[in-house]
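Here is the structure we will look at.
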Amino acid sequence: MPQLSLSWLGLGPMEASPWVLLLLVGASWLLARGLTWIYAFYENSRRLQCFPQPPKRNWLLGHAKWRRLVSEGSASLDMFEHISLMTLDSLQKCVFSFDSNCQEKPSEYIAAILELSALVVKRREQLLMHMDFLYLLSPSGQRFRKACRLVHDFTDAVIQERRRTLPNHRISDFLKAKAESKTLDFIDVLLLTKDEDGKELSDEDIRAEADTFMFEGHDTTASGLSWALYNLAKHPEYQERCRKEVQDLLRDRDPKEIEWDDLAQLPFLTMCIKESLRLHPPVTVISRCCTQDVVLPDGRVIPKGVICLINIFGTHHNPAVWPNPEVYDPFRFDPENAKNRSPLAFIPFSAGPRLWGQGHPQRSRHVSPPRCPSGCSGSEGGPWRSSLLLLLPTIFCFSYF
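Residue numbering for the sequence shown follows the working numbering, starting at 237 and increasing by one per position.
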């Protein structure tokens, strides 16, 4: 099954590229080790603040669209499609430093990413289509190959252009300049990465990592954001408290002036996001390979090498850990209530030292929810609605890192 999810990377036989194995079994573990020195630099540069911030107009555009639809008589809105486009806008900026503006105009690249996501899910449901030679002969397989070519060509062009601009002088100076101008993106990091033997990543490896970030990141972020908006709309008392928290934070500032440092000052919004992720985790099941024998409490042993399925949804709805698990209650994540709870009771994006990319969806989420969808009409609330819209995706996104 993991091979089906990664087939769109187009890397050929596994032995042709050891990085495919990393994607399959280690969450890019060795790559993360190779990135250690760059991430140490990030810490000195106030962590991910050196990445380009997605234009805040991305979220304001979505908010304006929702208000227009409500004013035209829409009683309810399907948020997922709109938020997917907002998320892809954000990811393209962080990964490629590219403004896709896909909410305003069609983008072939964005359309291909969305089609690949749909085709992978569809293929999983058709047992015969798991065989590559049958799938590639089918109409879906032909569409799949066409979308793959478009995505790969776009990423390859960015990589080649960026290689031509790489400096011949000290990399530390290049990184510092990029960080100060907030133009250091994911492609820059991958181009400068070396493994423990001093070997650089090939263009094929870089493409696989960047495409994986786009492919896997947009769907989980969009799903989490949609549920967060839904839960706030269902619980206006929590929604109003979130808005008040944003008002107190910004005071006389323009909502467009929101910065990463502000996110730590939004504890209740963070609690609301975490509770939404608990109740509706974007990823419900993950698989992991045991690297050693695991002895269960009843004495049974899971042998080394066995692949286990971990039910995140079940973990998050375990009544022994979460009383009344179907109830949306942000106060579960009040520090006082959470201090005696196992850190592995809440694993919306899995857990462990190999999960080096886990922050992208949660920190992106702090920069987004408005009063939605019923609260999108009228003028009451003014810029505070937009500021809440801006804040949710950012907090949501940054929990990955």
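Virtual Cβ for every residue (Gly too), placed ideally from N, Cα, C.
About 7 Å separates the beta carbon of GLU351 from that of ARG379, a gap short enough to meet the 8 Å contact definition. Residue pairing of ILE522 in beta bridges, as defined by DSSP: ILE546. By the Cβ test, the segment 365 to 376 is not in contact with the segment 467 to 475, since fewer than three Cβ pairs between them sit closer than 8 Å. For PHE390, the uninterrupted alpha helix (DSSP H) segment begins and ends at 375 to 401.
One thing to note: CYS338 has its Cβ no nearer than 7 Å to the Cβ of LEU313. For the options LYS414, ILE349, THR520, LEU402, the alpha carbon positioned closest to that of CYS384 is the one of ILE349.
For the 7 Å CB-CB criterion, ASP335 and ILE395 do not form a contact. Listed in chain order, the alpha helix (DSSP H) elements of length 4 or more contained wholly in the segment 427 to 487 are 439 to 470, 472 to 486. For GLY453, the closest of GLU562, VAL519, LYS510 by C-alpha to C-alpha distance is VAL519. Across the structure, PHE316 and ARG536 are spaced so that their CA atoms are roughly 43 Å apart. Apart from the 5 residues on each side of it in sequence, VAL542 sits with its Cβ closer than 8 Å to the Cβ of CYS525, CYS526 in its chain, given in chain order.
Pairing ASP534 with THR456, the inter-Cα distance amounts to about 35 Å. Straight-line spacing of the CA atoms in LEU427 and GLU436 works out to 8 Å. The beta carbons of TRP463 and SER512 sit closer together than 7 Å.
In the DSSP assignment, HIS318 falls within the alpha helix (DSSP H) that extends over 315 to 332. Under a 10 Å Cβ-count criterion, ASP325 is classified as buried, with 16 or more other Cβ atoms of the shown protein chains found around its own Cβ. Shown here, VAL563 sits in coil according to DSSP, grouped into three states, outside any helix or strand. Listed in chain order, the non-local C-beta contacts of ILE319 below 6 Å within the same chain comprise ALA458, LEU461, SER462, local neighbours out to five positions each way being set aside. The criterion of a C-beta distance shorter than 7 Å is satisfied by VAL331 and ALA446. Rounded to the nearest whole angstrom, the C-alpha separation of TYR474 and ALA556 is 25 Å. Within the DSSP bridge table, the entry for SER586 names PRO584 as partners. Around the CB of LYS480, fewer than 16 other CB atoms lie within 10 Å, so the residue is classed as exposed. Proximity of the segment 545 to 556 to the segment 567 to 574 falls short of the contact definition, fewer than three beta-carbon pairs being nearer than 8 Å. With 16 or more neighbouring CB atoms inside 10 Å of its own CB, LYS329 falls in the buried class. Distance from the CA atom of SER343 to the CA atom of MET450, rounded to whole angstroms, is 14 Å. With a cutoff of 7 Å on beta-carbon distance, VAL521 and ASN560 are scored as not near each other.
Rounded to whole angstroms, the Cβ separation of GLN501 and LEU485 is 5 Å, and the two are in contact under 8 Å. Per DSSP, the beta bridge partners of VAL531 are VAL537.
Pairing SER376 with LEU363 gives a Cβ-Cβ distance that is not under 7 Å. A distance below 6 Å between beta-carbons, with the five flanking residues on each side excluded, links ILE442 to the following residues of its chain, in chain order: ILE395, LEU426.
Sequence-distant Cβ neighbours of THR323 in its own chain, meaning closer than 6 Å and more than five residues away, are HIS454, THR457, ALA458.
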